[in-house]
Amino acid sequence: MIIKKFTASTEKEAILLAKEELGTDAIVMNIKKNLPKGVYKLFRKPSVEITAAVDENITYQQKKEEPQKRNPNILYEEEAPQSGFEAGSTAIEQRLDKLQDMLESQMAGNLPNQASGKATLGGEEEAEPAATEKDSNIACMQLIYNQMIANEVDEKYANQVINEIGHSLKKDAGVNNILMSMYQKIVLKLGQIHTIGGEGGAKYLFFIGPTGVGKTTTIAKIASMLKMDQKKKIALMTADTYRIAAVEQLTTYANILDIPLHVVYSPEEVKEAKERLKDYDIVLVDTAGRSYKNREQRDDLERLLNSVPPQEREVFLVLSATTKYYDLLRITENYLQITDYALIFTKLDETSSIGNLLNIHMKTGAPLSYATFGQNVPDDISVIDPQNIAKQLLGGSE
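Residue 335 is where the sequence shown starts when you use this note's numbering, and the numbers rise one by one after that.
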């Protein structure tokens with residue numbers, strides 16, 4: 335991977351420098367605010383230093399040849415709210431200190447047996463005549479691999495990350511360098527986070543997903559955020575007429591937020607409602623929970639989505655972090671047959687393993703978006719933070 339540091343007077347300026355140099359696929363790894371000390375604070379202004387990285391498979395030349403278009407729906411890390419699920423802008427070294435100490439303390443007792451010289455990693459074996467520096471690297475990566483598996487990362491993706499790191503490691507890499515490389519690789523794998531509210535973004539936002547995942551509550555949280563924080567002119571629409579409670583719940587939220595709610599019973603009514611909603615910035619559309627096994631229900635959803643032209647809509651698939659991995663695979667595969675989507679995960683407060691956030695992102699290629707961690711509206715929601723996910727997958731704790 336290519337890693338560089340950029341310094342500017344503000345976070346936004348530093349990120350723009352990184353995007354110009356490394357391209358639009360660059361990931362912000364760390365944000366550090368530099369405050370002048372002593373007598374220098376009288377003469378120097380504060381600055382911001384960011385560390386950015388891009389996958390080594392994408393060269394500088396390729397990046398320079400690409401048009402530098404900023405996706406208005408991407409919220410870069412410095413714009414994200416610093417609360418809830420996110421970890422803030424603490425330096426990477428500080429955030430990984432505990433992980434490094436844990437690995438170093440375990441290394442002495444986990445080096446490969448000097449007699450057999452075997453170290454197993456993800457089902458593979460490597461033999462050496464004695465415990466060498468290479469053995470130490472393997473033992474360290476084995477511990478990291480085990481930690482990822484304990485956090486329910488799919489073996490396929492855990493091995494993929496391990497193998498990509500292993501090929502570039504020096505024999506005397508050391509725990510710190512291995513851990514840092516793993517951290518950076520996972521952040522890159524998680525990619526840019528897709529959010530709502532940028533200039534030029536879609537007007538109609540559809541929220542789809544299985545029953546019971548918390549779509550309606552999530553919509554209320556996002557609607558509040560868009561109106562209160564971004565000052566957008568918001569309207570709600572619901573096509574979930576199968577559950578009276580869902581309409582009542584959304585009506586309550588609409589009244590509290592003082593925004594209109596339109597109830598629609600068919601794709602044709604969506605088209606009619608569009609004329610009445612032409613003066614609004616964003617319309618959030620709640621949909622009925624659908625079984626991915628029911629073809630008729632999937633067809634109904636597809637017709638509903640098609641009532642709005644593709645260039646005017648955006649779709650968010652809402653999933654519960656507590657759902658079994660096998661079921662998440664089936665759900666996401668079936669929804670991909672209908673539409674592209676970004677991913678929102680709910681109920682993170684009800685699980686201690688977040689490996690499925692990485693698994694499903696890598697399986698579907700769909701961008702991650704928001705996470706919720708409680709029922710409180712408008713709180714208990716945050717933009718997903720790749721840095722925090724990486725730290726947790728490697729064994730860190732808040």
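Think of the CB as a built atom: it goes at the ideal place given N, C-alpha and C, for glycine as much as any other residue.
For residue i, three-class secondary structure by DSSP
i: Thr529; result: coil
i: Leu639; result: helix
i: Ala425; result: Below a pLDDT of 50, predicted positions are generally treated as unreliable, and Ala425, at 43, falls in that range; the measurement from the model is reported next regardless. Residue state, collapsed to three classes: coil.
i: Lys353; result: helix
i: Ala607; result: helix
i: Asp634; result: helix
i: Tyr660; result: helix
i: Gly418; result: Residue confidence is low: Gly418 scores 40 on pLDDT, short of 50, so the model does not pin down where it sits. Its coordinate-derived value is still stated next. In the structure shown, Gly418 sits in coil (DSSP, three-state: anything other than H, G, I, E or B).
i: Thr586; result: helix
i: Gln726; result: helix
i: Thr552; result: helix
i: Tyr614; result: coil
i: Asn668; result: helix
i: Ser686; result: coil
i: Thr393; result: Residue confidence for Thr393 is low, a pLDDT of 48 falling below 50, so the modelled location carries little weight; the figure read from the coordinates is stated next. Coil at Thr393, not helix or strand.
i: Gln721; result: helix
i: Asn693; result: helix
i: Asp359; result: coil
i: Ala655; result: coil
i: Gln564; result: coil
i: Met711; result: The amino acid at residue 711 is misidentified as Met; the sequence shows Val. Three-state DSSP puts Val711 in coil, outside helix and strand.
i: Asn480; result: helix
i: Lys301; result: Nothing about residue 301 can be reported from this structure: the residues present for the chain run from 335 to 732 only.
Counterpart residues of residue i in DSSP-defined beta bridges
i: Met571; result: His596 and Val619
i: Ile384; result: Phe340 and Ile365
i: Leu702; result: Leu677
i: Phe650; result: Phe541 and Ala676
i: Ser716; result: Ala705
Supposed close pair residue i, residue j - CB separation, criterion 8 Å
i: Val617; j: Tyr491; result: Wrong, their Cβ atoms sit about 36 Å apart, outside the cutoff.
i: Tyr614; j: Ala676; result: About 21 Å; that fails the 8 Å criterion.
i: Val711; j: Ala554; result: 5 Å
i: Val547; j: Ser654; result: 4 Å
i: Phe679; j: Asp620; result: About 18 Å; that fails the 8 Å criterion.
i: Ala700; j: Leu638; result: Rounded, the Cβ-Cβ distance is 20 Å, inconsistent with contact.
i: Met475; j: Ile512; result: 6 Å
i: Lys338; j: Glu354; result: 11 Å between Cβ atoms; not a contact.
i: Ile530; j: Leu560; result: 7 Å
i: Val382; j: Ile361; result: No, Val382 and Ile361 are not in contact; Cβ-Cβ is about 17 Å, not under 8 Å.
i: Asn690; j: Tyr659; result: 6 Å
Local Cβ density within 10 Å of residue i, reported as buried at 16 or more and exposed below that
i: Asn447; result: Because Asn447 carries a pLDDT of 41, less than 50, the predicted location of this residue cannot be relied on, and the following value inherits that uncertainty. It is exposed - the Cβ of Asn447 has fewer than 16 other Cβ atoms within 10 Å.
i: Asn497; result: exposed
i: Ala588; result: buried
i: His596; result: buried
i: Pro643; result: exposed
i: His695; result: buried
i: Tyr669; result: buried
i: Gly543; result: buried
i: Glu648; result: buried
i: Asp488; result: buried
i: Asn485; result: buried
i: His528; result: buried
i: Met562; result: exposed
i: Tyr704; result: buried
i: Pro380; result: exposed
i: Ser515; result: buried
i: Gly534; result: exposed
Residue i: CB within 6 Å of a non-hydrogen atom of the ligand FAD
i: Ile478; result: The model depicted lacks the ligand FAD and carries no ligand whatsoever.
Subject >> alpha helix (DSSP H) segments (min. 4 residues) lying fully within the region 484-550 >> reply: 489-500 and 508-524
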